[in-house]
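For reference, the structure is listed below as C-alpha cells.
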Amino acid sequence: MSIRHTTKARRGAAATALAAALALAVAGCGNGDGDKAPDDGAGRASTAAKDDGDEQQPAADSSKTIGEMKGPGGIVVTLHSAVRDDGGFVTVNATVTNHGSRLFNAIDWRSKETEVKSLSSVSGASLVDEKGKKRYLVLRDTDGQCLCTTGLSGIKPDESRPLFAQFPAPPKNVTEVDFQIPTMPSVGITLSG
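In mature numbering (1 follows the signal peptide of the UniProt record, and there is no 0), the protein residues as written are -27 to -1, 1 to 166.
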C-alpha cells in the first residue's frame, strides 16, 4: 500500500471518528422524554411577556386596600397587598391613579443610583422597619433593572395603572413597615404571608 492510500485512509478514519463524536455530543445535549418537565405554559408566558416589552407583575386584587398615598398633582397610590413569600421576598402590589389635570411621569420615583437603568419606574421605593432601624430597597436584577413596575410615563388624567415592587423580606417577626416612594408621603402597612 502506498503512502498516498494510507494518508487517505487515516483522513477518512479521522473524519468518521469526528462525525461520530459530534453526533454523540449533540445527542447528549438534548432533553430526553424522561427528563421532560411538565408543560404548564408558565415558561412560554414568561418569555412572551419579555419579548413584548411588558414587565411581569403579580396580579393585584384591587378590591382590597391596605393603605393609600396622596401626592402632589392629584397622584394617588392605592396599596392592595404586601405579601411575604417563602423565597425571602416581599411583593407590594398597588394602583397608581392620576386624579390631576396633567400627564404624570414617575421620573422622580426612580432611584438616584447610577447603576439602575429603569428610568420611569418605582425603583426608588423602599420598605422601612422603624423598630429595627432598617431600610429595604427594591431588588435589582443582574442587568441593573429593578424588580418593579417600569414605563410609568404618560399617565393621563383619570388613568390608573398597576404598580408592583419586590423587596428583600424583613425578619419574620417584623410585620409592620412603612412603604415609601419619593415625593409621596409614607404609609404604614402590614405584611401578610
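Don't be surprised by glycine CBs; every beta carbon is placed ideally from N, CA and C.
**Report entry** Start-to-end residues for the beta strand (DSSP E) that takes in Val63
**Finding:** First-last of the beta strand (DSSP E) with Val63: Phe62 to Asn71.
Buried or exposed: Ser84, going by 16 or more other Cβ atoms within 10 Å of its Cβ?
-> Looking at its Cβ environment, which holds 16 or more other Cβ atoms inside 10 Å, Ser84 is buried.
Note to self: Among Pro135, Phe137 and Thr163, whose alpha-carbon lies nearest the alpha-carbon of Ser146?
What the structure shows: The identity of residue 146 in the sequence shown is Asn, whereas the question assumes Ser. Nearest C-alpha to Asn146: Thr163.
- Message: Let's test the definition: count the other Cβ atoms within 10 Å of the Cβ of Leu76 and tell me whether it reaches 16, buried, or not, exposed.
- Response: exposed
Beta-carbon within less than 7 angstroms of Val150's beta-carbon, same chain only, minus the 5 sequence neighbours each way: which residues are those? Leu100, Val101, Asp102, Pro143, Ile162 and Leu164
Check: Helix, strand or coil: how does DSSP classify Gly127 here?
Finding: coil
- Message: Going by C-alpha to C-alpha distance, which of Val50, Ser93, Asp114 and Ile39 sits closest to His72?
- Response: Val50
Query raised in the report: Taking Cβ to Cβ, would you say Gln139 is nearer than 7 angstroms to Leu125?
Result: no
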